[in-house]
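Read through the structure below, which is laid out as structure tokens, and then see the notes.
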Amino acid sequence: MGSLSRTKGQSGERELAALLSELTGRRIARRVRQHAGDSDLVGLPDWCIESKRARSAPLSLVAREWWPQAVTQANAQGTIPLLCFRADRQPWRAVWPVWPVWAILPELRTPCTSFDDAVMGDLLTWWRLCRRLSLLSA
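Listed below in structure tokens is the structure:
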């Protein structure tokens, strides 16, 4: 990864952390020492947050590369994947598994394995669902 790309990614992580902190009222922070398999942001128990900031974000890239990475990391940690991404001059978007939407049916909670099992929307929609379905731990 080139230094410009790394800088853009780190800047995106800080931007996303600030936005999620404002939305949730929790202290969301960038994980300073990141290792392969770690989430990019910390502060939301039960969620593994992966942040992507790029010039463009075609759905094929989101579905074939970014989402599988987020799912693999979350499954390894036993958490729920949340992929947040933003292309240049675009708002932040979020992808999360569909099963939390059906939180009232615990038998549906299985590891997400496919982009077909995911929902994509804006961050506010994700947050409203979390609050409505009580998907955040204390």
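Under my numbering, residues 0 to 137 are what the sequence shown spells out, in order. Idealized CB from N, CA, C, for every residue including glycine.
(request) Taking the CB atoms as reference points, tell me whether Ser55 and Asp39 lie closer together than 9 Å. (result) Within the sequence shown, numbered from 1, the residue matching residue 55 stands at position 56. Within the sequence shown, numbered from 1, the residue matching residue 39 stands at position 40. By the CB criterion at 9 Å, Ser55 and Asp39 fall outside the cutoff.
(message) Is the beta carbon of Cys129 closer than 9 Å to that of Thr80?
(response) Translated into positions along the sequence shown, residue 80 becomes position 81. Translated into positions along the sequence shown, residue 129 becomes position 130. The question names Thr, but residue 80 is Pro in the sequence shown. No, they are not a contact pair.
(message) Looking at the secondary structure, which residues open and close the alpha helix (DSSP H) in which Glu21 lies?
(response) Sequence index remark: in the sequence shown, residue 21 carries index 22 (1-based). Membership of Glu21 in the alpha helix (DSSP H) is indicated by the continuous run Ser2 to Thr23.
(request) Using 10 angstroms around the beta-carbon of Pro90, count the other beta-carbons present and answer buried if the total reaches 16, otherwise exposed. (result) Counting from one through the sequence shown, the residue named residue 90 turns up at place 91. Exposed.
(message) Tell me the residue span of the beta strand (DSSP E) that contains Pro96.
(response) Position 97 of the sequence shown holds residue 96. That run of the beta strand (DSSP E) goes Arg92 to Pro96.
(request) On a CA-only basis, which of Gly42, Glu12, Phe84 and Ser113 is nearest Thr98? Give me that one, please. (result) By 1-based counting over the sequence shown, the position of residue 98 is 99. As written in the sequence, residue 98 is Trp, which differs from the Thr given in the question. Considering only alpha carbons, the answer is Ser113.
(request) Give the C-beta separation of Arg29 and Glu12 to the nearest angstrom, bearing in mind that I take them to be a contact with Cβ-Cβ under 8 Å. (result) In the sequence shown, counting from the first residue as 1, residue 29 sits at position 30. In the sequence shown, counting from the first residue as 1, residue 12 sits at position 13. Indeed they touch by this definition, with Cβ atoms about 4 Å apart.
(request) Using beta-carbon positions only, say whether Phe84 and Val94 come within less than 9 Å of one another. (result) In the sequence shown, counting from the first residue as 1, residue 84 sits at position 85. In the sequence shown, counting from the first residue as 1, residue 94 sits at position 95. Contact flag set, yes.
(request) Provide the residue span of the alpha helix (DSSP H) that contains Arg131, from first to last. (result) Within the sequence shown, numbered from 1, the residue matching residue 131 stands at position 132. Run containing Arg131: Leu122 to Leu132, per the alpha helix (DSSP H) assignment.
(request) Please name the residue in Thr124, Trp126, Leu132 and Met119 whose C-alpha comes closest to that of Leu58. (result) Residue 58 sits at position 59 when you count from the first residue of the sequence shown. Per the Cα distances, Met119.
(message) So, with DSSP's three-state summary, where would you put Ala56?
(response) Along the sequence shown, one-based indexing puts residue 56 at 57. Ala56 falls in the coil class under three-state DSSP.
(message) Judging by CA-CA distance, which residue of Leu15, Ala16, Ser20 and Ala53 is the nearest neighbour of Leu146?
(response) It is not possible to answer for residue 146, since the shown part of the chain is limited to 0 through 137.
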